[in-house]
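*Asks:*
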Amino acid sequence: MIQKNRLYYLDVLRIISSIFVIVIHICILNWGILSPNSLSWQALNIFDALSQIAVPIFFMISGALFLDDKKEISIKNIFFKRIFKLLVAYLVWSVVFVLINPASSWSNAIYRVIQGHYHMWFIPALAGVYIIIPFLKAITKSEKLTKYFLILSVLFTFTLSFISPILKESSVGVFALIGNLLNILRTKLIFRFTLGYSGYFVFGYFLNKTEFSKSMRRIIYIMGIAAALATICFSYLISKSKGTPTDTFYSNTSLNILISSVAFFVFAKYNLNCNNIKEKSHSKLVFLSKCTFGVYLIHPIFIELINKHLHINAVTVNPLLAVPLFTLTVAVLSYISSIILNKIPLIRKYIV
Numbered sequence: 094m095i096q097k098n099r100l101y102y103l104d105v106l107r108i109i110s111s112i113f114v115i116v117i118h119i120c121i122l123n124w125g126i127l128s129p130n131s132l133s134w135q136a137l138n139i140f141d142a143l144s145q146i147a148v149p150i151f152f153m154i155s156g157a158l159f160l161d162d163k164k165e166i167s168i169k170n171i172f173f174k175r176i177f178k179l180l181v182a183y184l185v186w187s188v189v190f191v192l193i194n195p196a197s198s199w200s201n202a203i204y205r206v207i208q209g210h211y212h213m214w215f216i217p218a219l220a221g222v223y224i225i226i227p228f229l230k231a232i233t234k235s236e237k238l239t240k241y242f243l244i245l246s247v248l249f250t251f252t253l254s255f256i257s258p259i260l261k262e263s264s265v266g267v268f269a270l271i272g273n274l275l276n277i278l279r280t281k282l283i284f285r286f287t288l289g290y291s292g293y294f295v296f297g298y299f300l301n302k303t304e305f306s307k308s309m310r311r312i313i314y315i316m317g318i319a320a321a322l323a324t325i326c327f328s329y330l331i332s333k334s335k336g337t338p339t340d341t342f343y344s345n346t347s348l349n350i351l352i353s354s355v356a357f358f359v360f361a362k363y364n365l366n367c368n369n370i371k372e373k374s375h376s377k378l379v380f381l382s383k384c385t386f387g388v389y390l391i392h393p394i395f396i397e398l399i400n401k402h403l404h405i406n407a408v409t410v411n412p413l414l415a416v417p418l419f420t421l422t423v424a425v426l427s428y429i430s431s432i433i434l435n436k437i438p439l440i441r442k443y444i445v
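Per this note's numbering, the sequence shown starts with residue 94, numbered consecutively.
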């Protein structure tokens with residue numbers, strides 16, 4: 094059944110972002126151990142850089158939904174439904190990953206359960222933003238406050254994160270000094286409320302609510318493409334300069350990633366809303382979208398098992414071929430697993 098008020102482009106974005114996350118984690122297996130001068134590393138850099146919008150998009154989707162003017166959400170709902178599910182999922186999947194790769198001792202096992210698998214940092218980060226949803230909703234009720242919040246976020250989160258490492262690496266003394274001063278400002282100015290992922294949350298709300306003219310969209314798309322190219326080029330240049338792979342410009346709080354994420358979100362809003370597909374396809378799309386949390390949690394199992402036992406990774410053959418094929422394989426296995434788990438009511442409710 095077609096849901097008239099459902100924003101289907103958000104479902105499409107969820108699915109695409111889940112694929113991008115898989116690409117990132119496939120690339121990371123080899124990205125850090127190759128020489129930045131090698132063609133294999135440069136290919137991985139392209140895939141990795143273009144996929145970095147995945148997590149920002151997830152936060153923007155949540156912001157578009159939770160901060161919607163028509164949606165009321167209580168503090169009780171936030172803690173006892175939303176955060177409780179995140180906590181249960183975090184603990185259960187942490188235990189699963191410890192069982193797959195047994196710990197050396199009980200203390201190590203407990204530490205690893207609390208620490209979580211490398212990809213599970215996303216869950217406490219999301220919970221942290223959930224906690225301040227009531228404050229963010231109060232802000233988004235005012236257009237002026239929303240824009241003020243976004244300006245602060247862009248300045249103190251994204252711009253400083255982008256500019257300071259560029260200037261710090263400069264061979265010109267005054268630029269390096271300015272870069273160090275900006276970095277000190279970024280670390281000393283405790284401005285947490287607009288730092289990090291709350292900015293993406295509010296951006297998701299703002300972009301979903303705001304209508305953009307065709308000319309404005311073109312400008313946004315051009316900026317997004319330029320930012321994506323900047324991510325690729327700057328990552329290569331800084332890695333080459335340091336002589337080792339460096340992910341400074343992959344940071345989710347860097348301006349280049351913000352601009353790319355905003356551009357892709359706007360593109361999806363106007364081009365991927367699936368208005369012309371059949372009713373059955375809408376239902377399948379929604380179901381696949383609901384399976385993405387499970388895909389996010391499960392996919393490292395398949396990446397690690399395939400790499401460990403079949404010795405297949407992003408550079409087994411030419412990365413331009415290996416990354417898409419490996420991604421497709423892991424995505425299919427992860428979605429099948431998530432679909433099966435989502436058929437079980439208790440697991441669907443609390444774990445995926």
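Just so it is clear, CB atoms sit at the ideal spot from N, CA and C, and this is done for glycine as well.
Because the structure is a prediction, the values reported are computed rather than measured.
1. Does the contact criterion of 3 or more C-beta pairs under 8 Å hold for the region 374-383 versus the region 317-324?
2. Can you tell me whether Ser334 is buried or exposed? The criterion is at least 16 other CB atoms within 10 Å of its CB, across all chains shown.
3. Please classify Ser198 as buried or exposed, where buried requires at least 16 other C-beta atoms within 10 Å of its C-beta.
4. Rounded to a whole number of angstroms, what is the C-alpha to C-alpha distance between Ile108 and Thr385?
5. Using the rule of at least 16 other Cβ atoms within 10 Å of the residue's Cβ for burial, across every protein chain shown, is Pro227 buried or exposed?
6. Can you tell me whether Met153 is buried or exposed? The criterion is at least 16 other CB atoms within 10 Å of its CB, across all chains shown.
7. Using a Cβ-Cβ cut-off of 7 Å (strictly less than) and excluding sequence neighbours within five positions of Ile84, which residues of its own chain qualify?
8. Going by DSSP, what residue range makes up the alpha helix (DSSP H) through Phe228?
9. Could you spell out where the alpha helix (DSSP H) holding Met309 opens and where it closes?
10. Mapping the DSSP letters down to three states, classify Glu304 as helix, strand or coil.
11. For Pro39, count the other beta carbons within 10 Å of its own beta carbon; 16 or more makes it buried, fewer makes it exposed. Which is it?
12. Is the region 123-130 touching the region 160-175, taking contact as three or more C-beta pairs under 8 Å?
13. Taking all protein chains shown into account, decide if Trp214 is buried (16 or more other Cβ within 10 angstroms of its Cβ) or exposed.
14. Compute the distance between the beta-carbons of Ala478 and Ile325, then report whether it is under 8 Å.
15. How about Val185 and Ile444: do their beta carbons lie closer than 8 Å?
16. Does the beta-carbon of Gln145 have 16 or more other beta-carbons within 10 angstroms, so that it is buried, or is it exposed?
17. Quick one: residues in its chain with C-beta nearer than 6 Å to the C-beta of Ile313, no 5 flanking neighbours on either side, listed in chain order?
*Replies:* Looking at the coordinates:
1. no
2. The residue labelled residue 334 in the question sits at position 241 within the sequence shown. Ser334 comes out exposed.
3. Residue numbering aside, residue 198 sits at position 105 when the sequence shown is read from its first letter. Looking at its Cβ environment, which holds fewer than 16 other Cβ atoms inside 10 Å, Ser198 is exposed.
4. As a working mapping, residue 108 is identified with position 15 in the sequence shown. As a working mapping, residue 385 is identified with position 292 in the sequence shown. Roughly 6 Å between the two C-alpha positions.
5. Along the sequence shown, read from residue 1 onward, the residue named residue 227 stands at position 134. Under the 10 Å beta carbon count, Pro227 is surrounded by fewer than 16 other beta carbons and is classified as exposed.
6. Within the sequence shown, the letter at position 60 stands for residue 153. With 16 or more other Cβ atoms within 10 Å, it is buried.
7. Past the boundaries of the shown model lies residue 84; the chain is included only from 94 to 445, so the question cannot be answered.
8. Position 135 of the sequence shown, counted from the start, is the residue given in the question as residue 228. Counting along the chain, the alpha helix (DSSP H) containing Phe228 begins and ends at Ile226 to Thr233.
9. Mapped onto the sequence shown, residue 309 falls at position 216. Bounds of the alpha helix (DSSP H) holding Met309 are Lys307 to Lys335.
10. Start at 1 with the first residue of the sequence shown, and residue 304 comes out as number 211. Residue state, collapsed to three classes: coil.
11. Shown here, the chain extends from 94 to 445; a query on residue 39 therefore has no answer.
12. no
13. Locating residue 214 in the sequence shown gives position 121, counting from the first residue. It is exposed - the Cβ of Trp214 has fewer than 16 other Cβ atoms within 10 Å.
14. Given a span of 94 to 445 for the chain in the structure shown, any question on residue 478 remains unanswerable.
15. As a working note, residue 185 is residue 92 in the sequence shown. As a working note, residue 444 is residue 351 in the sequence shown. Closer than 8 Å, so yes.
16. As a first step, residue 145 is located in the sequence shown; it is residue number 52 there, counting from the start. Buried, since its Cβ has 16 or more Cβ neighbours within 10 Å.
17. Walking along the sequence shown from the start, residue 313 turns up at place 220. Residues Ala356 and Val359 of the same chain have their beta carbon placed closer than 6 Å to that of Ile313, with the five preceding and five following residues left out of the count.
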